[in-house]
Amino acid sequence: MYALQTVGSTTSSVKDDTEVMDFEDVGGNSIVGQIITNSNAVKRSENLTTLNGYQSSQTHPAIHNYERNNVNKNDTGLCFWAIFQAVGLTCVGMIVCRSVVYQHGFFEISPNRNSTSITRTQFSNWHYSLSTVGFIYLYANSIFMIKSNKSKVSLPYLMLHTFAYLVSALGLCAMYVHKETGKPEGSPLYQYHLYSIHSWAGVLAAALFTLQWLSATATFIMPCLRSIGLPLGKMFSLYTTILSTISLISGVNQHFLKMLERDNRIYSIDSLILNGFGMLVIVFLFLITYMVIKPNRN
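The letter at position 90 of the sequence shown is residue 90 when you use this note's numbering, and the numbering goes up by one with no holes.
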């Protein structure tokens, strides 16, 4: 049993917290510290009125520390998000700039300036750029959204996920056209396709991406499938990211070996940019993996 003792008149103005109430048990031991550390009491105390121009959180060190920890968590999350976006945008910028400066860009303009076309090399540029944007950057941002709101599949997440899926599909189509453009007439359909680990990993990543997109769409349309669709999407998200990175790195390495053979194994700015791009993609994979597997702290 506890006795509640009020100090002073109940109608007088409050001057100090010590004049409000004093909790004592039968043995005379104060239990104020136990109540302050109680999380429910801390949350209820946030709604107290101001005392003498000061907020109640300033008069309770425990509440002040609680709010300060929340601010620190928000700052840490914002810093991680900024690093995450900076690395991802740098990857996209490097591959696009490299395609424009060293690989003849994305379009071929005719001499009379009346029409444009896309050459075989430029289809390859489209493949690398669109795959980086879709499979790596946009897909990772969709994972970031579902990680922050994992109770349901929201419309913004589904829209971003669908956009990433379409961009990735266009990147795969660009490589298919690139391979078909260089084939001799009468060649079988499978020739020049799926002959490397880069192709196999890319097709498997696209298949997992398709499964996750279908599960996200089904969960959004039928919320009753949330208990099945969300765990399935979370499981496939990390697998798809790892496979996409493996496919991208193996494709960069394959292209780099051809470039070194053509340039007599001489390092150039183009090769350094390509190597730097590959290393940044690996760093981006580490950030995504940490974001997916790290526990949530409330």
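We treat Cβ as the ideally placed atom computed from N, Cα and C, and that holds for glycine.
Minimum C-alpha distance to residue i - residue among the options
i, options, result
"residue 81", "122, 123, 126, 144", "144"
"residue 177", "227, 119, 256, 107", "119"
"residue 223", "254, 154, 88, 251", "154"
"residue 126", "287, 175, 248", "175"
"residue 140", "107, 165, 122, 121", "165"
"residue 239", "227, 201, 129", "201"
"residue 283", "246, 160, 100", "246"
"residue 237", "293, 159, 180, 185", "293"
"residue 160", "259, 181, 138", "138"
"residue 216", "162, 183, 181, 259", "162"
"residue 269", "121, 102, 218, 85", "102"
"residue 221", "179, 158, 271, 194", "158"
"residue 248", "105, 219, 196", "196"
"residue 235", "218, 271, 209", "209"
"residue 213", "227, 185, 142", "142"
Extent of the continuous alpha helix (DSSP H) to which residue i belongs
i, result
"residue 292", "269–293"
"residue 158", "155–181"
"residue 202", "197–221"
"residue 130", "120–131"
Contact check, residue i vs residue j, beta carbons under 8 Å
i, j, result
"residue 110", "residue 116", "yes"
"residue 274", "residue 98", "yes"
"residue 250", "residue 198", "yes"
"residue 241", "residue 285", "yes"
"residue 107", "residue 122", "yes"
"residue 96", "residue 129", "yes"
Residue-level contact to chain B via CB, residue i, 8 Å cutoff
i, result
"residue 259", "Going by chain labels, chain B is absent from the structure shown, which holds only one protein chain."
On the three-pair Cβ rule with 8 Å, is the region 167–187 touching the region 270–281? At 8 Å Cβ cutoff, the stretches do not touch.
Closer than 8 Å is the cut-off here; do at least three beta carbon pairs connect the region 82–102 with the region 125–138? Three or more Cβ pairs closer than 8 Å define a contact, and the region 82–102 meets that threshold against the region 125–138.
Is there contact here, the region 185–193 with the region 203–220, by at least three beta-carbon pairs under 8 Å? Between the region 185–193 and the region 203–220 there are fewer than three C-beta pairs closer than 8 Å, too few to call the two in contact.
Contact between the region 245–258 and the region 224–235 (3+ Cβ pairs under 8 Å): In short, these stretches do not touch, since the Cβ pair count stays below three.
Please go through the region 79–104 and give each complete alpha helix (DSSP H) segment of 4 or more residues, from N-terminal end onward. Taken in chain order, the whole alpha helix (DSSP H) runs of length 4 or more contained in the region 79–104 number zero.
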